[in-house]
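Counting from 0, one number per residue, gives the positions in the sequence shown under numbering that gives the first Met the number 0. The beta carbon of each residue, even a glycine, is placed where N, CA and C say it ideally should be.
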Amino acid sequence: MPLASTDRVLAATPLAAGAFNVVLIEQLEAVLTGAARAGLPVIVQISENAVAYRGALAPLAAAAHAAIAATEVPVALHLDHATRVDLIEEAVARGFTSVMYDGAHLPWEENVARTREVTQWCHERKVFVEAELGEIGGKDGAHAPGVRTDPREAARFVADTGVDALAVAVGTSHQMSDRTATVDLDLVRALRAAVPVPLVLHGSSGADDATLQAAVHAGMKKINMSTHLNVVFTGAARATLDADPAVVDPRRYLRPARHAMAGEVARLLRQLNTPQQV
Ligand code: G3H
Ligand code: ZN
């Protein structure tokens, strides 16, 4: 089906939308196959870092558009953790349905001013904007799970910038390859009550299924995940290569990697959308 707006994916998902990062075409295929298998909408994310790895946005964006058009569930296409405004402009020109402007490392006034400017520009083009307040650790590889977003500051930030979704620091941290993080659920509930737009959980790889479900039931609406899916994808490739050192054809190890990641995407989407047991 045609690309869905990010708003629509969020609205069409029963509880919380999975937003999964892709670097390789096989990972893109895995996300779309997994979502179709679960029968749930999904958000495909391409990060500024992924663009740096590939050297350009165009090839992966074109592959995403073609693959999404052939997928039978609503799919949105999101530019993740963008600090470069020129990349945001290019993503909008290339049909992305949402962008994240990441000014979390900036002082308050500068984060507000730049986020507001990007948001106005994107809204004129009907593109949804996510921003971040309270820097979520681990972007440089070092975990900093102690940072927290203040609910009153979050409400003021959303009012001052006009953003459509807010990434908040509630205990998770980027790039964790074990699922041992805790989420401050009282803070999630306080943020949910204070902030009028969907809340985004970054660094979701560090949280196990039960923690993610509790975070969703407390009010998180978009669950960003990358590293855990890399663990699954690379683990399957590694198992194949370890089992047969003579393998040289990339299809021999990428096929099981893609298959394993698709299964995990389907499983995660179902988990994220399991109603709270009473
Ligand atoms: O924006 C992307 C996510 O926050 C990914 O974080 O690799 O720790 O799951 P993760
Ligand atoms: Zn993130």
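Top-ranked residue by Cα proximity to residue i, from the options
i	options	result
LEU2	GLY202, VAL231, HIS77, GLN276	HIS77
PRO73	LEU200, ARG36, ALA55, HIS258	ARG36
LYS221	MET0, ARG7, ALA18	ALA18
ALA192	LEU27, ARG151, THR114	ARG151
VAL258	MET0, ALA51, ALA10, ALA34	Position check: residue 258 holds His in this sequence, whereas Val was assumed. Checked all of MET0, ALA51, ALA10, ALA34; the closest Cα to HIS258 is ALA34.
LEU27	THR239, GLN174, SER172, VAL43	VAL43
ASN48	HIS216, ARG250, THR273, SER225	SER225
ALA168	THR239, VAL187, GLN174	VAL187
ARG269	ALA16, ALA75, ALA10, SER172	ALA16
Strand pairing of residue i, partner residues [DSSP]
i	result
ALA164	GLU129
GLY17	ILE222
MET99	GLU129
HIS77	GLN44, SER97
Closer than 6 Å: residue i CB and nearest the ligand G3H heavy atom
i	result
MET224	yes
HIS201	yes
SER176	no
SER4	no
SER204	yes
Endpoints, alpha helix (DSSP H) assigned at residue i
i	result
HIS216	208–217
GLN276	No alpha helix (DSSP H) holds GLN276; DSSP gives it neither H nor E.
ASP85	84–92
VAL117	107–123
Extent of the continuous beta strand (DSSP E) run through residue i
i	result
LEU200	198–200
Whole-angstrom C-beta distance between residue j and residue i, which should lie under 8 Å
i	j	result
GLU129	VAL199	6 Å
LEU56	GLU25	Incorrect: roughly 18 Å between the Cβ atoms, too far for contact.
LEU253	VAL246	11 Å between Cβ atoms; not a contact.
GLY145	THR171	That pair is no contact at about 12 Å.
Check: residue i C-beta below 6 Å from any heavy atom of the ligand ZN
i	result
HIS77	no
Minimum Cβ-Cβ distance from residue i to chain D less than 7 Å
i	result
ASN272	Of the protein chains in this structure there is only one, and it is not chain D.
Residue i beta carbon near the ligand ATP (any heavy atom closer than 6 Å)
i	result
HIS173	Looking for the ligand ATP in the displayed structure turns up nothing; the ligands present are the ligand G3H and the ligand ZN.
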